[in-house]
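First the structure, in the form of structure tokens, and then the observations on it.
There are 2 protein chains.
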Amino acid sequence: MLNNYMRIGIFGGGQLAQMLTQAAISLGIEIVICERVADSPAARYTQHAIVGPWEDETVLTTFAHQCDIVTLENEFIDAGLLERVVAQGVPVWPAPATVAVVQDKLWQKERLAAAGLAVPPFRSVATPDDVLTAAQAFGWPLVLKTRRNGYDGYGNATLRTAEDVLPAWERLTRGGSPLLVEAWVPFTCELAVMVVRGRDGTIASYPVVETVQQNHICHIVRAPAPIEAKLAAQATDLAVAAIQAVDGVGIFGVELFALADGQVLINELAPRPHNSGHYTIEACVTSQFENHLRAVAGWPLGATALRSPAAVMVNLLGRRNGPITPTAITAALAVPGAHMHFYGKREERIGRKMGHVTALGSTLAEAEAIARQAAALVAMPDGQQ
Amino acid sequence: MLNNYMRIGIFGGGQLAQMLTQAAISLGIEIVICERVADSPAARYTQHAIVGPWEDETVLTTFAHQCDIVTLENEFIDAGLLERVVAQGVPVWPAPATVAVVQDKLWQKERLAAAGLAVPPFRSVATPDDVLTAAQAFGWPLVLKTRRNGYDGYGNATLRTAEDVLPAWERLTRGGSPLLVEAWVPFTCELAVMVVRGRDGTIASYPVVETVQQNHICHIVRAPAPIEAKLAAQATDLAVAAIQAVDGVGIFGVELFALADGQVLINELAPRPHNSGHYTIEACVTSQFENHLRAVAGWPLGATALRSPAAVMVNLLGRRNGPITPTAITAALAVPGAHMHFYGKREERIGRKMGHVTALGSTLAEAEAIARQAAALVAMPDGQQ
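Here the protein sequences line up with chains R and A, keeping their order. Counted the way my numbering counts, the first sequence spans residues 1 to 385. Counted the way my numbering counts, the second sequence spans residues 1001 to 1385.
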């Protein structure tokens, strides 16, 4: 070790790195943030911050040499860069090979399908004609996706007829990523499971949650998902098998579709803490953030059980464009039982994740009422409070 | 505000400032640490750290100008220095006048007594002869104390006979602080209550806890204290009245003695987060740290109720002198339900507070068994894990 406490480096300085830092404090772990720009939400809470492009050799080397272990808060870092960190003698968890598979949605689905896990029908497409051919096999609608760098609906298009193909192709290929196409899944609800796996292969899963999206952005998470035990068990088994299939180390978000016929399909994996796991901070014995640190450090995993019968998280999404209002959350703080999390982003943008609120309750309805009440009080203009 | 988030400065960079920082992250509050030495536990988790003697005009001014509000993590800062910060236009909470009264144990007791609150008999002593005179009034044993800068038993002496007076006088006057003497209280148990008071006078109290000391250092905290409801109500009323009497703003620790006859006396106040309130991080709706930040920021206070029937905190006290063992807590992390907190101090010293562990349970016995099991696994020599 570099000194007598473990020092973990994180590629990325957003809210996930910030909440990892919050968990690190309890464990005596020091955090090093590597982010392209200065004054990132996470960099404000460490004395070790490297600012610059990850691709820059000096940035990468300076960063690596300050860390005992490196991890990441988003999957938009090329696995090749992670290999360069490993080559400098600093382990990266999850391993670059895992990130390489997960960050490419085609490779990810191929890996899951090869392991016999249920995923929607998918195929690689090299031309618009390939999409039309896929439509003959899968039927309409189709979902066209970039293989890399998509998030929160960016990089996705739902195609309802042949006329939708060309405009979507045009838009999605702009970033340079190749595309894949998937059958549209008539899901009855979306589920998610956080799975954590240690360096020794020990694996643990959190409760299955229901996620509700708003314009492709996670809006509400209900824990546990109000579904039958059999369905929850099926979702958990799939999620655990998926993380084993990609040889994951650390925390992973597994998004799933539940179908009317009782089938569950894997939608996507995220090789990092995930929005659908924020509720674990207050609602579970060990948060997803603490368990990620334990896993990548090679330490024992913590218990993942719920501490409350029900928990609901509501995202605080930006409602306007402009500098953040200083007193945005003060009114919401008055709601008893509302656990506020405000990420410290300088600029509010419509739809941007500015924070979240979690509430616990004896029922989902009780928790959701508290969380929604608090969320509705956030971001009122100055002077109205 | 200096920027679009609130920035709170803390005098002191120890574990209390570190846990305040952890709570600040959720609220979007930025932290500035002012500490005499570099590499303090809290300074590692902020990009805003001022290093130097608090008395230095440049240090004080540089610090003040980076903060919207200033607070403190220990009471050993002269209230006159806090007044200098206020004179620069930066509010200090708790107010310098409150800190002045609380940091002097004679003034503190005088203020409490003047408010009609029950405290042990006490008086100021200017000479060893004054102590002998006090013994005639109070009887033996007596407790001789420095008026300022005492903590964890430093600055205290129990006098059982007249022969004990001179050696204790010699030792305790070395630091230059005047002394006071108190009647020794035959308590049946020690209690503590955390009280938080907002800038608008709103006040809230946490559950009454039992504290168990080891060599004058807090060792175990049991929440709620296993005492009758009537006694708990009496302790709560006294604690709340005490913080009103000193016009406190922020979180305060109130230590109390419970006597065999059902009487409760105030032992001491601490104008800051307190070891007897660490259990609130996992066990209460809002932690003592978050509520301190809410109070000094002028924001609504959070709910203080227990989230679990019982919680027990065990301090991790140093068992040897030397550099900290890197893998000190890994074995303890394997104990399910043990919430580990390790403060990141570089040097272990016998009796030094290195961290703490909190466990929850349906009974105190269940929680205490978990916390003790984890604590016993900490600080094993390298290689034994």
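Glycine included, each C-beta is placed from N, C-alpha and C at the ideal position. Computed from a predicted structure; not experimentally measured.
Check	Outcome
Alanine 376 of chain R to arginine 319 of chain R span [Cα, whole Å]	11 angstroms
Distance between beta carbons of threonine 158 of chain R and glutamate 190 of chain R, contact taken as under 8 angstroms	That pair is no contact at about 15 angstroms.
C-beta contact flag for methionine 313 of chain R and alanine 371 of chain R at 8 angstroms	yes
Inter-residue CB distance, phenylalanine 76 of chain R and asparagine 149 of chain R (contact presumed, cutoff 8 angstroms)	5 angstroms
Anticipated Cβ contact below 8 angstroms, glutamine 47 of chain R with tyrosine 343 of chain R, distance rounded	Going by Cβ atoms, the distance from glutamine 47 of chain R to tyrosine 343 of chain R rounds to 20 angstroms, so no, they are not a contact pair.
Residues near lysine 1105 of chain A by beta carbon distance below 8 angstroms, same chain, minus five either side	Lys1145, Thr1146, Arg1147, Arg1148, Gly1150, Leu1180, Glu1268
Residues that DSSP places opposite glutamine 103 of chain R in a beta bridge	None, per the DSSP bridge assignment.
Near-chain R residues of the region 1026-1053 of chain A (beta-carbon distance less than 7 angstroms), N- to C-terminal order	Ser1026, Leu1027, Gly1028, Glu1030, Ala1043, Arg1044, Tyr1045, Thr1046, Gln1047, Ala1049
Assigned secondary structure, glutamine 384 of chain R (DSSP; H/G/I helix, E/B strand, else coil)	Only weak support exists for where glutamine 384 of chain R lies, its pLDDT of 38 falling under 50; the value from the coordinates is given anyway. Glutamine 384 of chain R falls in the coil class under three-state DSSP.
Within chain A, partners of glycine 337 of chain R - CB distance below 7 angstroms	Val1285, Ala1303
Interfacial residues, the region 1175-1202 of chain A to chain R, with Cβ spacing under 9 angstroms	none
Residues near alanine 42 of chain R by beta carbon distance below 6 angstroms, same chain, minus five either side	Gly13, Ala17, Gln18, Thr21, Ile33
Meets three-Cβ-pair contact criterion under 8 angstroms: the region 200-214 of chain R and the region 272-281 of chain R	yes
Within-8 angstroms CB hit, threonine 1062 of chain A to chain R	no
Partner residues on chain A for asparagine 156 of chain R, Cβ-Cβ distance less than 7 angstroms	The premise fails here: asparagine 156 of chain R is roughly 30 angstroms from chain A at the closest Cβ pair, so nothing lies under 7 angstroms.
Candidates R:Gln66, R:Arg294, R:Ile50, R:Leu259: closest to valine 185 of chain R by CA position	R:Leu259
Beta carbon of asparagine 1291 of chain A nearer than 8 angstroms to that of isoleucine 1251 of chain A	yes
Contact the region 234-253 of chain R vs the region 84-99 of chain R: 3+ CB pairs below 8 angstroms	yes
Neighbour flag for glycine 1344 of chain A against chain R, beta carbons, 8 angstroms	yes
Rounded distance between the beta-carbons of glycine 155 of chain R and alanine 192 of chain R, thought under 8 angstroms	Rounded, the Cβ-Cβ distance is 19 angstroms, inconsistent with contact.
Residue range of the unbroken alpha helix (DSSP H) whose run includes glutamine 288 of chain R	288-297
Residues of its chain near glutamine 1384 of chain A, where Cβ-Cβ distance is below 6 angstroms and the 5 sequence neighbours each way are ignored	Bear in mind that a pLDDT of 38 at glutamine 1384 of chain A, under 50, signals an unreliable position, so the model cannot answer this.
Residue-chain proximity (tyrosine 279 of chain R, chain A), Cβ-Cβ < 8 angstroms	no
Histidine 65 of chain R, buried or exposed, once every other Cβ within 10 Å from all chains shown has been counted against 16	exposed
Chain A contact for glutamine 22 of chain R (CB, 8 angstroms cutoff)	yes
The beta strand (DSSP E) enclosing glutamine 1214 of chain A, as first and last residue numbers	1209-1214
Serine 124 of chain R in three-state terms, based on DSSP	strand
Extent of the continuous beta strand (DSSP E) run through phenylalanine 187 of chain R	187-197
Burial state of glutamine 136 of chain R (16 or more Cβ within 10 Å)	exposed
Cβ-based neighbour list, arginine 199 of chain R, same chain, cut-off 6 angstroms, excluding 5 preceding and 5 following	Val249, Gly298
Sequence-distant residues of its chain with Cβ nearer than 7 angstroms to leucine 333 of chain R (five each side left out)	Met340
Where alanine 1369 of chain A falls: helix, strand or coil (DSSP)	helix
Where the alpha helix (DSSP H) containing isoleucine 1203 of chain A begins and where it ends	Counting along the chain, isoleucine 1203 of chain A falls outside any alpha helix (DSSP H), though it belongs to the beta strand (DSSP E) covering 1203-1205.
Chain R contact for leucine 1333 of chain A (CB, 8 angstroms cutoff)	yes
Proximal chain R residues relative to arginine 1294 of chain A, where beta-carbon distance stays under 8 angstroms	Leu333
CA-to-CA distance, alanine 1049 of chain A to aspartate 68 of chain R, given in whole angstroms	24 angstroms
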